[in-house]
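Put into structure tokens, the structure is as follows:
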């Protein structure tokens with residue numbers, strides 16, 4: 016269902032002081048042992064969905080990963096539906112017919128060389144965007160421009176977990192600092208969240224809000240601690256984040272519901288929420 020809303024323009028002057036930090040240095044290992052990596056995502060959107068299976072490559076390698084092209088990958092749900100993924104390319108397997116429904120549990124099974132790796136995830140309900148504001152800031156840490164503040168509604172007493180993906184002019188913010196995860200632990204039913212990007216008049220903006228399980232939220236939160244800590248000179252230890260996969264492999268299996276916001280900044284703006 017699409018909902019058209021008017022956007023409230025607010026002009027403020029905000030002074031923020033940037034934090035200083037030192038970049039995380041990459042650890043190198045003399046006796047490198049490849050690790051199995053499984054990366055899978057499904058959502059309440061239309062298929063296809065993909066699962067990528069690979070071995071990690073040494074730090075001094077000319078390739079980023081070593082694909083595994085002979086895996087057997089299946090997903091089943093609470094209704095008894097089972098689908099086997101089709102191999103696509105370079106260790107990527109695709110589910111072409113799976114229609115994920117929020118409220119269902121989804122069970123991933125990956126068989127490689129006779130060994131089976133499993134994961135289980137509940138598909139949460141979609142995020143509820145009550146409204147959002149476009150706020151002009153003249154001296155913010157992320158630069159002068161227009162910022163999006165979202166008001167997210169929680170109609171239950173349980174904590175909700177979110178991941179945001181933001182695009183400007185069809186280009187996704189996709190660096191280490193762009194892994195945006197948050198929760199509504201202390202929001203009392205209405206969470207305020209501001210995307211950390213400055214936009215200009217004429218920009219096309221897309222925000223995808225993913226609802227996450229608590230397990231996936233903790234995985235992404237721990238991952239942000241490994242990649243960068245912008246609020247301190249002290250870096251966290253280089254440990255792999257705990258995931259939801261069995262048999263000590265790396266990666267994750269994510270099941271999320273998505274609410275999408277699309278708008279173009281103009282003098283009088285409207286947005287489409289799906």
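In our numbering, the protein residues as written are 16 to 289. We put the CB at the ideal spot given by N, CA and C, even for glycine.
Item: Across the region 261–276 and the region 217–226, are there enough close Cβ pairs to call them in contact, namely three or more that are closer than 8 Å?; Value: yes
Item: For my contact list, residue 81 and residue 69 are in at a C-beta cut-off of 8 Å; report their separation, rounded to the angstrom.; Value: 6 Å
Item: Looking at the strands, I want to know which residues DSSP matches up with residue 101.; Value: 109
Item: Enumerate in chain order the residues of its own chain whose CB-to-CB distance from residue 204 is below 8 Å, with the five nearest sequence positions on each side excluded.; Value: 168, 169 and 170
Item: Identify the continuous alpha helix (DSSP H) that holds residue 91 and give its terminal residues.; Value: Run containing residue 91: none in the alpha helix (DSSP H); it sits in the beta strand (DSSP E), 87–92.
Item: Taking the runs of the alpha helix (DSSP H) that are 4 residues or longer, which of them lie wholly in the region 148–232?; Value: none
Item: Tell me the DSSP bridge mates of residue 321?; Value: Beyond the ends of the chain as shown, which are 16 and 289, falls residue 321; an answer cannot be given.
Item: Output the boundary residues of the beta strand (DSSP E) element that contains residue 82.; Value: 80–82
Item: Considering only the alpha carbon of each residue, which of 121, 148, 173 and 153 lies closest to residue 292?; Value: Here the chain covers residues 16 to 289 and nothing more, so residue 292 does not appear.
Item: Quick one: what does DSSP say residue 239 is sitting in, helix, strand or coil?; Value: helix
Item: For residue 122, which of helix, strand or coil comes out of DSSP?; Value: strand
Item: Hey, would you say residue 234 sits closer than 8 Å to residue 211, going by beta carbons?; Value: no
Item: How far does the beta strand (DSSP E) with residue 132 in it extend, from its first residue to its last?; Value: 130–137
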